[in-house]
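Colleague: Going by the numbering used here, the sequence shown wraps up at 259, each residue one higher than the last. Glycine included, C-beta positions come from ideal geometry on N, C-alpha and C. Could you have a look at this structure, given as structure tokens, before my questions?
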Amino acid sequence: MWLLIFINLAGKIAAAIVGPTEPAVALALWFVPDGLAAYHLFVLRAQGIVAMHRRFVTAGREVWLTIDDGPDPQDTPRILELLAAHGARATFFVIGEKVAAHPGLVRAIVAAGHEVAHHTQTHPLASFWCATPARIGRELDEGLATLAAEGVRPTRFRPPAGLKNLWLRGALSTRGLICVAWSARGLESRYGDADSVIRRTTQHLSPGAILLMHEGQRVPPAIRVHAIAGVLERLHQTGYRCVVPTPEQLPSPARWFQLVGAGAL
Ligand SMILES: [Zn+2]
């Protein structure tokens, strides 16, 4: 993070110095560091700001089903029934405000043997990438407090839409949270039918995949819950089990600073 900030500031200063004589060079010095920072903020596989797990280690035919943006009073109970029918385990990345609005749902998720993880308190999709350290801290702490009231202490966090923030790495580590992304997602809001979402989510399945799906009102009615049902059925047909990885199956991220490289953690 600090290296990105340093490169950016150095680029701006150098651009100001050479600008009067070398305007083309100054333009590059000004904007290239911005592009580098944007890459690490917005591209999921970029690991320079905060390491995000995109797969898990397994020797079996296993995938990790993760369901974001709940809990939802209509969808969560139906999803729990589907998971039980398939003998599947999943992780629910929940939004604190929704947890507080629908008390009891998180306890039902845990009672059914699934994991509850942190997906911010308010899901600030548009502003998360540029939020101040104080705002990031509030999103994390308020979400933790909301979940604590339901008897849950999460260890895993997923930012809205997988967006990163310059202050996220430190904020997560001081709170004992790791960052989890995904290797496949259905993009429910882009498609009008469940089949497209199911196909997209399962088209490149391999052991250790992390699948991202959504619940709640923002999912189109034709897709809501149906896509999760279809993915579970497809996984069953192809012999995959849905598991929740242990910490050992999510090995520590690489320690080197990946400025331009990509990781598959
Ligand atoms: Zn979300």
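Indicate the three-state DSSP secondary structure (helix, strand or coil) for Gly255 in the structure shown.
Modeller: Note on Gly255: pLDDT 48, under 50, position unreliable in the model; the coordinate value appears next. Correct three-state label for Gly255: coil.
Colleague: Straight-line CA distance for Pro127 to Met46?
Modeller: 19 Å
Colleague: By the DSSP assignment, the alpha helix (DSSP H) with Asp62 in it spans what residues?
Modeller: Taken as a continuous stretch (DSSP letters only), Asp62 belongs to no alpha helix (DSSP H), being part of the beta strand (DSSP E) at Glu56 to Gly64.
Colleague: Do you know offhand how far Val19's Cα is from Gly29's?
Modeller: Rounded to whole angstroms, Val19 to Gly29 spans 15 Å at the Cα level.
Colleague: At 4 residues or longer, what runs of the alpha helix (DSSP H) sit wholly inside the region 166 to 215?
Modeller: Here the runs fully enclosed are 188 to 196.
Colleague: Run through DSSP, which three-state label would Ala53 get?
Modeller: coil
Colleague: Based on Cα-Cα distance, which residue from Arg49, Arg55 and Ala105 lies nearest to Gln231?
Modeller: Arg55
Colleague: Taking the alpha-carbon positions, what's the Leu74 to Thr168 distance?
Modeller: 32 Å
Colleague: Within its chain, find whatever has a CB closer than 8 Å to the CB of Leu264; leave out the 5 residues flanking it on each side and keep chain order.
Modeller: It is not possible to answer for residue 264, since the shown part of the chain is limited to -5 through 259.
Colleague: Check whether the Cβ of Pro266 lies closer than 6 Å to any heavy atom of ligand 1, and answer yes or no.
Modeller: Limits of the chain in this structure are -5 at one end and 259 at the other, which puts residue 266 out of reach.
Colleague: Pick out whichever of Thr149, Leu38, Val100 and Ala175 has its Cα sitting closest to the Cα of Arg49.
Modeller: Ala175
Colleague: Can the beta-carbon of Leu119 be found closer than 7 Å to that of Pro153?
Modeller: Not a contact, by the Cβ cut-off of 7 Å.
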